[in-house]
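Numbering (the working numbering), first residue to last: 352 to 480. Glycine included, C-beta positions come from ideal geometry on N, C-alpha and C. Please read these numbers as outputs of a predicted model, since none were measured by experiment. Step one of this worksheet: look at the structure below.
Structural data, given as structure tokens:
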């Protein structure tokens, strides 16, 4: 979400620190998250081979390898980074909305998959599958 804004904005990093404090209680992990995010944002902005699409694909690959990562995605946290829509930043706002929608769909998909697996396990325990 920060990288989609195409600028290194200190306000967004303050929001990131607030979100990190909600996720982690350990200062070390909070700082690691903030610094890693800064590095990714810098790469996306400054290196042409890395962009938002490739980053989202990488996140998707990581989620497929480690489905527990889906539990780390929090739409409420992502919405905190939305730029306010105005006439000069409409593209960024729309891109951020698309990113949020993408992650909502991922959450629905993995939660649905999890529910199906849970039902299947229940049927197996009851001897119906």
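CB-CB length for residue 432 against residue 383, believed under 8 Å: On the chain shown, residue 432 is found 81 positions in, with the first residue counted as 1. On the chain shown, residue 383 is found 32 positions in, with the first residue counted as 1. With a Cβ gap of about 19 Å, residue 432 and residue 383 do not count as contacting.
For residue 443 and residue 398, the rounded distance between their alpha carbons: By one-based count along the chain shown, residue 398 stands at place 47. By one-based count along the chain shown, residue 443 stands at place 92. The alpha-carbon atoms of residue 398 and residue 443 are separated by roughly 19 Å.
Residue environment, residue 463, which counts as buried when at least 16 other CB atoms sit within 10 Å: Here residue 463 refers to the residue found at position 112 of the chain shown. Label assigned to residue 463: exposed.
Collapsed DSSP secondary structure at residue 404 in the structure displayed: The sequence position of residue 404 within the chain shown is 53, counting from 1. In the structure shown, residue 404 sits in a helix (DSSP, three-state: H, G or I).
Length of the line joining the Cα atoms of residue 447 and residue 440: As a position in the chain shown, residue 447 is number 96, starting the count at 1. As a position in the chain shown, residue 440 is number 89, starting the count at 1. Going from the Cα of residue 447 to the Cα of residue 440 covers about 11 Å.
Buried or exposed by the 16-neighbour rule on C-beta atoms within 10 Å, applied to residue 409: If you number the chain shown from 1, residue 409 lands on position 58. By the 10 Å Cβ count, residue 409 comes out exposed.
Beta-carbon separation (whole angstroms), residue 356 vs residue 363, contact threshold 8 Å: As a position in the chain shown, residue 356 is number 5, starting the count at 1. As a position in the chain shown, residue 363 is number 12, starting the count at 1. Correct: roughly 7 Å between the Cβ atoms.
Rounded C-alpha distance that separates residue 380 from residue 478: The residue given as residue 380 occupies position 29 in the chain shown. The residue given as residue 478 occupies position 127 in the chain shown. Each residue's alpha carbon lies about 44 Å from the other.
Contact set for residue 455: own chain, Cβ-Cβ below 7 Å, skip 5 residues either direction: If you number the chain shown from 1, residue 455 lands on position 104. 426.
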